[in-house]
Amino acid sequence: MDRSNEKQAIRERVWRLLEEKGVTLPPGAWGRIPNFRGAREAALRLFSLREWQNASAIKVNPDSPQRWVRLRALEEGKLLLMPTPRLRSGFLLLDPSTIPRNLYRVGSTIKGAFRLARPLVSIQDLVQHVERIDFVVEGSVAVNRWGERLGKGEGYGDLEFAILVEAGVLDREVAIATTVHDLQVLPHRLPQEEHDVSVDIISTPTRLLHAENRRARPPGILPEKVTPEKLREIPMLREALRLYKR
Numbered sequence: 015m016d017r018s019n020e021k022q023a024i025r026e027r028v029w030r031l032l033e034e035k036g037v038t039l040p041p042g043a044w045g046r047i048p049n050f051r052g053a054r055e056a057a058l059r060l061f062s063l064r065e066w067q068n069a070s071a072i073k074v075n076p077d078s079p080q081r082w083v084r085l086r087a088l089e090e091g092k093l094l095l096m097p098t099p100r101l102r103s104g105f106l107l108l109d110p111s112t113i114p115r116n117l118y119r120v121g122s123t124i125k126g127a128f129r130l131a132r133p134l135v136s137i138q139d140l141v142q143h144v145e146r147i148d149f150v151v152e153g154s155v156a157v158n159r160w161g162e163r164l165g166k167g168e169g170y171g172d173l174e175f176a177i178l179v180e181a182g183v184l185d186r187e188v189a190i191a192t193t194v195h196d197l198q199v200l201p202h203r204l205p206q207e208e209h210d211v212s213v214d215i216i217s218t219p220t221r222l223l224h225a226e227n228r229r230a231r232p233p234g235i236l237p238e239k240v241t242p243e244k245l246r247e248i249p250m251l252r253e254a255l256r257l258y259k260r
């Protein structure tokens, strides 16, 4: 079995397990970053971390279980960077100082963010409005104590990381956390490839784990890993490849 098929088999086992154990919440698990019972508790564990407390700008994925993280970032006055679905429209930047406090909950949803955020559709927009991202929170389908992570299989999280590193607003050694259900923390190694981005911190409803000897992260965009489909659908990726040729 090649790595791609092996990864997908693991995802499907996790999605099935979450559904069988009855821990999923709408919109469900299959084919996505799964929403789960205890997502709020998993998020709460992050907020005592020094990395969180010292961060003034945070990048968080737009999926349902990480909504609690996005809401808390706004409540604490942190700049919040969210990728748009499939990165087709770049990123959204939410500045809580420009949003009425009673709209923070709205802004923590992807639909509300499109209404309240500043769109960053080009690399120029990105570097003009974002000086530095201090902390990253990702969703995951599966993860382990070595910091190896599987997303839903489309590769957008890795591309987001690569574009931000290339643009100079994200250090490749930045602290990256993921919030997951305990059932998503697997006891074995996960298949990984050169472009896969490892995590440092795993937060579940019951515990906080720090990755052991996590693998090195990619230095930015790996052109040989970029598919023609991704080039067609992501203008910011085309721009980044043009600007930051190695």
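Quick note on numbering: the numbering used here labels position 186 of the sequence shown as 200, and the sequence is numbered without any gaps.
Positions of the beta carbon are idealized from the N, C-alpha and C atoms, including for glycine.
Note that this is a predicted model, so its numbers are computed, not measured.
Kindly indicate which three-state DSSP category residue i falls into: helix, strand or coil?
i: T193; result: strand
i: F175; result: helix
i: I235; result: coil
i: T220; result: coil
i: F128; result: helix
i: K73; result: strand
i: L184; result: coil
i: L63; result: coil
i: V28; result: helix
i: L163; result: A small fix is needed here, since residue 163 is Arg in this sequence, not Leu. Residue state, collapsed to three classes: strand.
i: I147; result: coil
i: V213; result: coil
i: E152; result: strand
i: P110; result: helix
i: L204; result: coil
i: V199; result: strand
Specify, as a first and last residue, the run of the alpha helix (DSSP H) that residue i falls within.
i: P41; result: Premise fails: P41 is in no alpha helix (DSSP H) and is neither H nor E.
i: P242; result: 242-247
Spatial neighbours of residue i within its chain, please: C-beta separation below 8 angstroms, excluding the five flanking residues on both sides.
i: D77; result: R46, I47, N49, G153
Near residue i, which residues of its chain fall below 7 angstroms by C-beta distance, leaving aside the five closest residues on each side in sequence?
i: I137; result: A181, M250, E253, A254, L257
i: V83; result: A57, L60, V74, V151, T193
Provide the residue span of the beta strand (DSSP E) that contains residue i, from first to last.
i: A225; result: Per DSSP, A225 belongs to no beta strand (DSSP E) and is neither H nor E.
i: N49; result: Per DSSP, N49 belongs to no beta strand (DSSP E) and is neither H nor E.
i: N158; result: 156-158
i: L95; result: 93-97
CB-CB under 6 angstroms to residue i, same chain, minus the five flanking residues each way: which ones, in chain order?
i: K239; result: H209
### Task
Specify whether the region 44-51 and the region 60-74 touch according to this definition: at least 3 beta carbon pairs, one from each stretch, less than 8 angstroms apart.
no
### Message
So, does the region 185-197 touch the region 46-64, judging by three or more C-beta pairs under 8 angstroms?
### Response
yes
### Task
For the region 234-251 and the region 172-179, state whether three or more C-beta atom pairs, one from each stretch, are separated by less than 8 angstroms.
yes
### Message
Is it the case that the region 73-87 contacts the region 121-136, given that we only count it when at least three CB pairs across the two stretches are under 8 angstroms?
### Response
yes
### At least three beta-carbon pairs within less than 8 angstroms, the region 26-38 to the region 130-147
no
### Task
Give a yes or no on contact between the region 83-96 and the region 230-239, applying the rule of three or more CB pairs nearer than 8 angstroms.
no
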